[in-house]
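Asker:
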Amino acid sequence: MKNTTNAQFRALEAFVPAREIHELDHLGTVGALEAAHELVHIGDVGRECLVILDGTVLVDREDGTTPIEVGPGEIIGELALITGAERNATVTAQTEVTALALHRAEFNAALADCPHFAKHALLRAVERLAPTG
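Going by the numbering used here, -7 is the number at position 11 of the sequence shown; the sequence numbering is gapless.
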């Protein structure tokens, strides 16, 4: 692995086997973001998604729903990569966040080469698109 530790990927272990975690580590870049940092801005073009490995973020969607706090194991920005649409939420770090960044080509490679990760990502996307109520 690159400059990461297995502990950083612990949030994914419930969804993704070790082989895929190793592949994700090689595909993407792990970085730390300070609290209050805006990770994603509504209306921007999506160039990458972020897999939250540690910390929490606040997701404020454009549809006026109550902002939600999400944490380790969640994927942010995958909808823009899957659909090609602009970002539909602003996401801000609530705490210091460690995240795996996957640019479009890396995300597509992960979907093709890591079936457990692909299922996790697509289930999260479907959950976000499903009507609430």
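Note that the Cβ used here is the ideal one computed from N, Cα and C, for glycine as well.
(1) I'd like to confirm the pairing. Which residues does DSSP put opposite residue 41 in its beta bridges?
(2) State the Cα-Cα distance for the pair residue 116 and residue 95, rounded to the nearest angstrom.
(3) At the 8 Å Cβ level, is residue 23 part of the contact set with chain B, yes or no?
(4) Let's see if you can read the secondary structure: which residues bound the beta strand (DSSP E) around residue 23?
(5) Taking only the alpha-carbon atoms, compute the straight-line gap between residue 44 and residue 26 and give it to the nearest angstrom.
(6) For residue 63, which residues from the same chain have a beta carbon less than 7 Å from its beta carbon, with the 5 sequence-adjacent residues on both sides left out?
(7) Is the CB-CB distance between residue 73 and residue 111 below 8 Å?
(8) For residue 36, list the residues DSSP reports as bridge partners.
(9) Considering only residues of the same chain and omitting the five flanking positions on each side of residue 100, which have a CB-CB separation below 6 Å?
Answerer: The answer reads as follows:
(1) 50 and 73
(2) Lying outside -17 to 115, the shown extent of the chain, residue 116 is not represented and no answer is given.
(3) The displayed structure is made up of one protein chain only, and chain B is not part of it.
(4) Careful: residue 23 lies outside any beta strand (DSSP E) and carries neither H nor E.
(5) 12 Å
(6) 28, 31, 86 and 89
(7) no
(8) 80
(9) 93
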